[in-house]
Ligand SMILES: Cc1ncc(C[n+]2csc(CCOP(=O)(O)OP(=O)(O)O)c2C)c(N)n1
Ligand SMILES: Cc1ncc(C[n+]2csc(CCOP(=O)(O)OP(=O)(O)O)c2C)c(N)n1
Ligand code: SF4
Ligand code: SF4
Ligand code: SF4
Ligand code: SF4
Ligand code: SF4
Ligand code: SF4
Ligand SMILES: [Mg+2]
Ligand SMILES: [Mg+2]
C-alpha cells in the first residue's frame, strides 16, 4: 500500500486503472468526467505498453475497446450519460462476445443534453441493459474516493473472471470531489489472467474466431442460456452492500453513491434525535444485493429508498422484498444535491408510529 | 374502412403510418424490417408532402426525426435490435424535448449481431429506457397484422397527445408474416392536432426554442417531475391488455406479441384437456397493464409468464403482483419459435394440484 | 446631431454573452445576426446550435432555435429543412461537434446536397469541455489530451473538413474565413451572407469555416490568439474560397 | 505427369461459400487468401469482417478473425493493432458498412494513419439486406429504396470514399480495382498484395477498393454484371491508383 | 503445335453455382453447361474439351481465375 | 482637417470583458484600460479621446467590429 | 380445422407466389390465413420456402415444425421436408426436376411431372401453377375455383395471357393429380 | 466537529489552490476532508469557487448550502456568499479588491487588504496565501504550522522561492488577522 493522496474521483479511477493493469483507454470528452480522460492521456502515454486514444466519438471508443480486448489488453472507457447512451450497441456486443472491459459512467442530469450536475438517472440503463438482447453487466456504485480505488481494481478482475463488461456508476460530484485515497500496489501485467481465447494470430495453434453472429437459432439460444447461467452464478458470488446501524433500525434508508453519503449523515442526525434509523448502501447495483435487503427486512423495518432520480433502484428494492416490508421513496432528479437535514426530515416524515 | 388485404406486418406498419398522417420517415436497412423501410421509400415519395430518407446510419435517422418533428411533421423510424441500441441517445433527446415520434423495433435475436430470428430480448430497453435519464416511452406490443394496423394509428395519436416517442415492439416473424388486414381510413393531415410549440420561423409571434439543456438544476428537476407526472397520468389512462378465458383460470399465461399467439393455441389445447388455463396478453408494455393483472390475480390463479427471452417482462409481472400470486416462467431466447404443444406441456407442468 | 455608425444588431437578444474574453463566438454570432437582418429572413430562419460553447446560442439569437445532440446538427437540420423547404435552416457547429462526432452526419448531409447552411467554428480545440484535442488541432499544439503537443503519428493529423466536403457533389459554396481583424471580419461577413443567399436561392449546401480564437484554452491573450491564427493556423487552414459553384447571386 | 497450375489457396477453409452465383466476394476472398499465403503472414494476420454479405468471412479464412459491429471495422482494427503492433490487421468491408454507417470510423482511422489495411468491396448496393441503395449506388440506378432509380437531388450523390480518404495525411496507398476479368483480377491481386506490404513495412494506412458484382441485387446475370461494371460503374468509380506514397517496397 | 503446352481443367460439380463466368472468359470456348442439376440446385459448368486427339485447353487458368467459387482446378503437362 | 469627420465611441463598462482587441486595432490608439473592476470582474476598456479641442476618433468602427461582446457603440457627426 | 403447407424449391421457381396465391385464395373464402416466407441470410443459398396456414379458427403459430403438406420443387427441399412432414401427410413432388422419392412409408407421395406438363402447355413458367393445382386437388385445402379466382385477382395487373396460362396450369395440375 | 468553507473569486486569483492547500494540510493532520471545485460551464464566466469540508467524522455531503466560513476575493463572490453563509459564520474579504461590505449583522466580517500586504512583501502573487493565513488564524480550522507544512509539500516541485514567498504570505495574513 502506498501513502495517502488527495485526489478527485476522476483521477482516482485513472490511477487505480493503471495500477490494475489497464493498458488501453479510448474515450471522448464530456463533462463531468473529462479529468479522467485527461489523466489517461498522460498515464497511458507514459507507459511504453499503454495506449490512449481520444476517439472521434463514444461509438468509436467502445468499438476500439472491443478490438483491444479481443487482442488481450485490459481496457477501459469512460463517459457521461449521453455518451454512454451512444455506447449501447457496443456494450451489447461486448457482452455477446464475452469480452472483459471496464466502462465508467460519471452520470449527469438528463434526459437529453440536460446539465452537468450530479444525478443517478442512468441506473436502469446500466442495470437492466440499455442495449439489445438478454445480457447483464456487473455494475458497481462506490460512495467515496477510497472505495472508488478499490472497486476499480475489482472491476478489472471481475471483467476478466466473468468475461464481461463491468460498469462503474458514479455521479458528477464524485468525479469532481477530492478526498484522501490510499491506492493498491501496481499489478504486473504479466501476472494477469491468461486469455486463451484471444485473437493474436494463429501461431502454433488453430485459427480462432470471436463473433456474436449465431445464425443457427439453437446455437444462439444456447449462448443466451450460457450467459444467463453465468449471471445467476454471479448473483450468488458477488453481492456487496454496506449496512449501517440496521440491526435495530425501524426505518432503513436504501441509497447508493453520493445519495448514500448524504443519507448516512441523515441517519446519524436521526439517531441523535432518538430515531432508530439505519442505512443499507448497495455497492453492487447489479447483481442487486437482495440478500442484504432480505436479511435486513427480517428485523421488520420499513424502508426509505432515496435516489437522485424519480425512482429507478426503487424497482429492484420492490423486487427484493416482494411485498414483505413497507417501502417509502424520496427522489431528487436532475441535479440537486440534497442535504442531510433534508433527508432527516424525510426520515421523520416516514418514521413508523 | 377499406377491404381486406393480405400483407406482411412490415408493410402493414408502413401503410397504417401513411394513413395516420406520417409524412416523414428516415431509416437505415436492417433485417428483419427492411420491407418497412422499402415500403416507406415508395409511399413517401408518392406523396408530394412526404419525405423518405435512407439515412447514413440509425443515429442520423433518429436525429433527422428530431428535426422533422420539431418542424411539425408526424414522423416515424424503424429498425431492429442493434440499430435501436444506436438510437438510444436520440430517444432520450426526443423524450427530453417532448417531441412526438413513432419508433418501430422489429426485434431479432441478440445480444450483439445475433441472428435475424424472432425474439423479445429488447423488452427492458424499450420499457425501462435504454437511454440516459429519467424518461419513459409508451410501448405497444401487438400480436396480429390487424392489431398492428390499429396500434400504429394509436401510436401516432398518443405521440401527439402526450408529446413523447411511442415504441411499436414486434418480432421478426410478425414483420415477415402476412395476414388479412383491414385498414382505417386515411387521415387528412390538416385535421391533425396543432403544434403551437413547433419551430417553423418566428413569423407573427415571438421566437421560440426547443431545447433540453437545462443548466439550472432547479429547472431540470422541475422538467423531470413534469415528465414524471405525465407518465403517471398515462399509466391511469391507457393500460391495454387482452384477457382470454381468465375468468375461471387456475393457471393464467402472460405473454405478448408472437409468444401470446402461441400461448393462446396452448390455452385452447389445455381447455380441451380439461385444464382451466387462461391467457392475459399485455398490449401496452409500458404502461404495463398492472390493473388487468391485479384484477385477474383476484380469482386466485397462478401465473405462467412466457417470453421469447430469458425473462424480462417477468419483472413487471412480479412488480404488479408484489407477491400476491405464484409466478412461473418459461423462456426461449435467441430465436426459436415455440409450438403451442410445447407451451401446453409447460401449462401441464405448472398446473396447480 | 450624431448618427450611429455601429450598434447591436436587431436579432440578438439583450443577454450578455457567456463567452470568455476575446472569444470568436461572440464576433461570429454578431455577423450571423447582421446577415439575417440585412437579408430580412429573421421570421423564416431556424438555427440549430451545437453542443459546444455555442450551445446557448438560443439565449442570443432572436429567431427560432432547435437544439441538436452533439454532432448531429446536420441531421437535425436535414429533418427541419425537408419538412419546411421554404425556411432558412442553418447549423452553427464547433470543430469537435462537426469534424469528430458529427463527421458522418455532416458528410452525408453535404453529399445529399441538403439546402442548409453550416457555420463551422474552427478554434482547434474542444472549448466547452476544457481544451481537449480537436480534429483540427495543429500538429505539435498542446491540449489537455495532448499535453506534450499533438503527435500526428499517435494522435492523427489536423483534419481539413472543408476541403473534404468540397470534393463532394452536393456542396455549392464553401469558404474559410477568420475573425482576427476588422478586415478579416468584414470578409467573414460577406462569406456568411453569400452562404445564406446560396440557400435562399435554393442552390444547395453551403458552409463557412471560421477560424476563431479560443484564448482560454490556447492560454494566450486575445490579441496573441489572433496573431497565432494569422501566423500559424492559416498555414494548415488557409483562408479563402474552397469551392464556389454558385450561379448568379 | 501433370502439374497443378491452379487450385484452392491454403488459408481458405473447405466450407462452400454462401455467396450467390457470380458474386465478387468469392473472387476477392480467394485473392486475399492467396496474398496471405504468398507473404507468409497467416500466423500473424487478423481479419475484421463486416456486417454484410461477407459477415461469414470467418467460415472461410483460416486465420484469426474478430467480428465488428456494422460499420465499426476501422475502430475494432485500431484497437487490435494498437495492442498488437507487429500483427497484420485488416478489415474487409462493404460499401454500406464503410461508406455509410462507418464513415466517421473509417475517416478518422485513416486520418490517424493507423497501420491497418482495408479491403473495401464496392458493389453499389446493400447486398446482405436485400439491395437497398448504398452511398456508392450510381445516379439513376434502381434499388429497393430507390425503385425509380437514385435521384441525386433527393437521395444524394454516389460517394467516392477512396478519393476522400486520399485527401487525408494518414493513408499511404489507395487503389481502386475490379474483379470483372482475369486481367483485372490479376491487377486486383497485385494491389491487395501491395496494400498488405505497406502495413508489413509499417508505412501506414492502406486501402484497396474492389468494384465487385452483385448479380442478385442488380438483377443481372453474372456475365452482364461484369460488363456493367466495366461500362458504367467505372465511369463514376474509375479504376487505378488513387494515392501512392509508398517507399521502396 | 507439337510443343504447345496442353492443359486440363477439373470442375467440381457440387461447388459450381452456374454463374458461367468461366464460359465467358475461356479463350478456347471449351466450357459449357451440363444438363443435370447439382445438389445446390444449379446446372454446373462442364468442360467439353473431350477429344483426346485434339485437346484445346492451354491451361491458361483464366476460367479458374474468375471462378468465384473455386470450383475449377487447372493442370498442365 | 476641418472637413474631417469626427467620431465618438461609447463603451458599455458592464458588457466589456477586457479582451483589449479594440485597443489593438484602433488606428488612433485612443482606447485604454480603465483602472476599476466592473461587476463581471474585469478592467474594462475606456476611450481616452477626451480632449474636446482635439477629437482623434474618426468613427471608423474598427474597435466595434472586432469587439466580441458588442460593448462598443460608434457615432459620427 | 387447420392445415399447414410448406412450399419449397430454389429461388426463381415461383415458390413464394404459390404460397401467396394459396393464402390469398383462402382469405377470399373467409378463412383465417397466415403466410410466412423464409427470410434473410437463407436466401443467399438460392433456396426459398414459405409456410401457409389455413384455418377456421384463429391461427396460433404461422410456423410449421411438421407441416401437413409439402410441395417441393427441387431435391434439397424434398430431402429437407421428408424429415419434417407429419405422419399421414402428403408430399407433392415435381418429378421432372427431382429424381428419386421419399423413403418414408407413413406419408403419401404424389409425383407431378410439372415441367413436362408445362411444355405440353407450351410454357415452362406454368410449372408452379401446375403444382399448385395438383396440390389443391389432392388436399382440398381450397377449391380449384377459388384458387383460380385468387390467382386472377392477384395477377389482375398482369396481362391476360399470363392469367390464362396460369389458369390452364392449375386445371391441368389438378386433372393430373386426380387421375394419378 | 465539521467545518465547511467556501473560497470564491475570479479565475486566476488562486482560489482553487487556496482550497486545495487547506484540504491537503487538514488531511496531513489526519482529518477527514473533502474538496469540491465548481466545474463545467460556470467556469466560462471567469468566476471560480470551491468548498472544503474538514471534520473528525466521516463527511456526508461535500456541498455547503450554507458554509460556516467564506473567503471572497471579488465583489460578485461577496454578494453571492453573503446570502449563503451560516448565521454566526465568518466572511474574510480581500478589501483591496472589494469595496463595500456585507450588510448582514449576524455574521462576522474580516477585511484583509491582501493586495496591499502582498505589495509590501513585494509580490502580488502572495495574495491568496495571505487570505489563507488570515482564514486559518481567524477560524482555527487548521494551524498555521500545518498550513505551511501542507503548502510546502504541495509545492515541493516548485522552486524554493515560491514556497518561501507563500510561507511569509501565510504568516503575514495570520498576523494581520489576529491584530485586526
Ligand atoms: C454525445 C456527447 N458527447 C460529448 C459531449 C460533451 N461535449 C459537449 S461540447 C463538446 C465539444 C466542444 O468542442 P467544439 O465542438 O469544438 O465546440 P467549441 O466548444 O470548441 O466551440 C463535447 C465533447 C456531449 N454533450 N454529448
Ligand atoms: C447497426 C446495424 N445496422 C444495420 C445492420 C444491417 N446490415 C447488415 S449488413 C448491412 C449492409 C450491407 O451492405 P454492404 O455493407 O454494402 O455489404 P454487402 O452485403 O453489399 O457486401 C446492413 C445495413 C446491422 N447489422 N447493424
Ligand atoms: S472556451 Fe474558448 S471557445 Fe469557449 S467561450 Fe471560452 S474562449 Fe470561447
Ligand atoms: S447479395 Fe450480392 S453481394 Fe451478397 S452474396 Fe449475393 S451477390 Fe454477393
Ligand atoms: S465460374 Fe465457377 S461457379 Fe461459375 S460456372 Fe464456372 S465453374 Fe461454375
Ligand atoms: S484453362 Fe484456359 S483454356 Fe483451359 S478451360 Fe480454362 S480458360 Fe479455357
Ligand atoms: S473589445 Fe470589447 S470587450 Fe474587448 S476590451 Fe474592447 S470593449 Fe471590452
Ligand atoms: S471608431 Fe475607430 S478611431 Fe474611433 S475608437 Fe474605434 S477604432 Fe478608434
Ligand atoms: Mg472547437
Ligand atoms: Mg455493398
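Protein chains in written order, with the working numbering: chain A, 1 to 353; chain B, 354 to 706; chain C, 707 to 955; chain D, 956 to 1204; chain E, 1205 to 1281; chain F, 1282 to 1358; chain G, 1359 to 1538; chain H, 1539 to 1718.
Backbone N, C-alpha and C define an ideal beta-carbon position, used for all residues, glycine too.
- Quick one: is residue 1000 of chain D near chain A, going by C-beta distance under 8 Å? Taking the first residue of the fourth chain as 1, we reach residue 1000 of chain D at position 45. Yes, residue 1000 of chain D lies at the interface with chain A (some Cβ there is under 8 Å from its Cβ).
- Message: Taking DSSP's pairing of strands, which residues face residue 1127 of chain D in a bridge?
- Response: For the purposes of this step, residue 1127 of chain D is taken as residue 172 along the fourth chain, with counting starting at 1. None; residue 1127 of chain D has no bridge partner.
- Query: Does the distance from the CB of residue 797 of chain C to the CB of residue 754 of chain C come in under 8 Å?
  - Reply: Indexing the third chain from 1 puts residue 797 of chain C at position 91. Indexing the third chain from 1 puts residue 754 of chain C at position 48. Against a cut-off of 8 Å, the Cβ pair of residue 754 of chain C and residue 797 of chain C comes out as a contact.
- Message: Spatial neighbours of residue 1206 of chain E within its chain, please: C-beta separation below 8 Å, excluding the five flanking residues on both sides.
- Response: The residue you call residue 1206 of chain E lines up with position 2 of the fifth chain. The predicted position of residue 1206 of chain E is uncertain, since its pLDDT is 47 and thus under 50; a value taken from the coordinates is nonetheless stated next. Around residue 1206 of chain E: no qualifying Cβ.
- Message: So that I know if they touch, is there some Cβ in chain G lying closer than 8 Å to that of residue 1219 of chain E?
- Response: In the fifth chain, counting from the first residue as 1, residue 1219 of chain E sits at position 15. It does not; no Cβ of chain G falls within 8 Å.
- Since residue 674 of chain B contacts residue 89 of chain A with CB under 8 Å, what's their CB separation in whole angstroms? Looking up residue 674 of chain B in the second chain gives position 321. Looking up residue 89 of chain A in the first chain gives position 89. Contact flag wrong, Cβ pair sits at about 34 Å.
- Message: If distances are taken between C-alpha atoms only, which option among A:227, A:304, A:69 comes closest to residue 251 of chain A?
- Response: To locate residue 251 of chain A, count along the first chain from 1; it is residue 251. Among A:227, A:304, A:69, the Cα nearest to that of residue 251 of chain A belongs to A:304.
- Message: If distances are taken between C-alpha atoms only, which option among H:1715, H:1558, H:1549 comes closest to residue 1633 of chain H?
- Response: Within the eighth chain, residue 1633 of chain H is the residue found at index 95, counting from 1. Residue 1633 of chain H has its Cα closest to that of H:1715, out of H:1715, H:1558, H:1549.
- If you compare alpha carbons, which of H:1631, H:1589, H:1540, H:1588 is closest to residue 1650 of chain H? Translated into the one-based positions of the eighth chain, residue 1650 of chain H becomes position 112. It is H:1631 whose Cα lies nearest to the Cα of residue 1650 of chain H.
- Contact set between residue 1577 of chain H and chain A, taken where Cβ atoms lie within less than 8 Å: Your numbering for residue 1577 of chain H matches position 39 in the eighth chain. In chain order: 31, 32, 116, 172, 176.
- Indicate the three-state DSSP secondary structure (helix, strand or coil) for residue 1014 of chain D in the structure shown. Position 59 of the fourth chain, counted from the first residue, corresponds to residue 1014 of chain D. In the structure shown, residue 1014 of chain D sits in a helix (DSSP, three-state: H, G or I).
- Length of the line joining the Cα atoms of residue 994 of chain D and residue 1001 of chain D: Reading the fourth chain from its first residue, position 39 is the one you call residue 994 of chain D. Reading the fourth chain from its first residue, position 46 is the one you call residue 1001 of chain D. Each residue's Cα considered, the two are about 14 Å apart.
- Message: Which residue wins for smallest C-alpha separation from residue 1301 of chain F, given the options F:1338, F:1318, F:1314?
- Response: Position 20 of the sixth chain, counting from 1, holds the residue named residue 1301 of chain F. Comparing Cα positions, the closest option is F:1314.
- Query: Using 8 Å as the Cβ pair cut-off and three pairs as the minimum, do the segment 473-482 of chain B and the segment 490-500 of chain B touch?
  - Reply: yes
- Over what stretch of residues does the beta strand (DSSP E) that includes residue 1164 of chain D continue unbroken? Here residue 1164 of chain D corresponds to residue number 209 of the fourth chain, with the count starting at 1. Segment 1160-1166, the beta strand (DSSP E) holding residue 1164 of chain D.
- Item | Residue(s) in a DSSP beta bridge with residue 1041 of chain D | Within the fourth chain, residue 1041 of chain D is the residue found at index 86, counting from 1. DSSP output for residue 1041 of chain D lists no bridge partner at all.
- Task: Work out the CA separation of residue 791 of chain C and residue 1554 of chain H for me, nearest whole Å.
- Result: The residue labelled residue 1554 of chain H in the question sits at position 16 within the eighth chain. The residue labelled residue 791 of chain C in the question sits at position 85 within the third chain. Rounded to whole angstroms, residue 1554 of chain H to residue 791 of chain C spans 51 Å at the Cα level.
- Taking the C-alpha atoms as reference points, what is the distance between residue 1268 of chain E and residue 1074 of chain D? Position 64 of the fifth chain holds residue 1268 of chain E. Position 119 of the fourth chain holds residue 1074 of chain D. Rounded to the nearest angstrom, the two C-alpha atoms are 22 Å apart.
- Within the 8 Å Cβ cut-off, does residue 554 of chain B reach chain A? In the second chain, counting from the first residue as 1, residue 554 of chain B sits at position 201. It does not; no Cβ of chain A falls within 8 Å.
- Could you tell me the distance, in whole angstroms, from the CA atom of residue 1277 of chain E to the CA atom of residue 989 of chain D? Here residue 1277 of chain E corresponds to residue number 73 of the fifth chain, with the count starting at 1. Here residue 989 of chain D corresponds to residue number 34 of the fourth chain, with the count starting at 1. For residue 1277 of chain E and residue 989 of chain D, the distance between alpha carbons rounds to 15 Å.
- Message: Short of 7 Å Cβ to Cβ, which residues in the segment 583-616 of chain B face chain G?
- Response: 614, 615
- Message: Using a 10 Å radius around the Cβ and a threshold of 16 neighbouring Cβ atoms, would you call residue 1458 of chain G buried or exposed?
- Response: For the purposes of this step, residue 1458 of chain G is taken as residue 100 along the seventh chain, with counting starting at 1. Flag for residue 1458 of chain G reads exposed.
- Is it buried or exposed for residue 374 of chain B, if we count other Cβ within 10 angstroms and need 16 for buried? The residue given as residue 374 of chain B occupies position 21 in the second chain. Answer is buried; the Cβ neighbour count reaches 16.
- Message: If we require 3 or more residues per run, which beta strand (DSSP E) segments fall completely within the segment 977-1032 of chain D?
- Response: 1000-1003, 1019-1021
- Query: Whose beta carbon lies closer than 5 Å to any heavy atom of ligand 3, going through the chain in order?
  - Reply: C:725, C:726, C:729, C:759, C:833, C:920, C:922
- Sort out for me which residues DSSP pairs residue 556 of chain B with in a bridge. As a first step, residue 556 of chain B must be located in the second chain, where it is residue number 203. According to DSSP, residue 556 of chain B bridges with nothing at all.
- Task: Step through the CB atoms of chain C and report whether any lies within less than 8 Å of the CB of residue 88 of chain A.
- Result: In the first chain, residue 88 of chain A corresponds to position 88, counting from 1. So, not an interface residue.
- Item | First and last residue of the uninterrupted beta strand (DSSP E) at residue 281 of chain A | Residue mapping note: residue 281 of chain A aligns to position 281 of the first chain, counting from 1. That run of the beta strand (DSSP E) goes 277-282.
- Against chain A: residues of the segment 796-813 of chain C by CB proximity under 7 Å: 806, 807, 809
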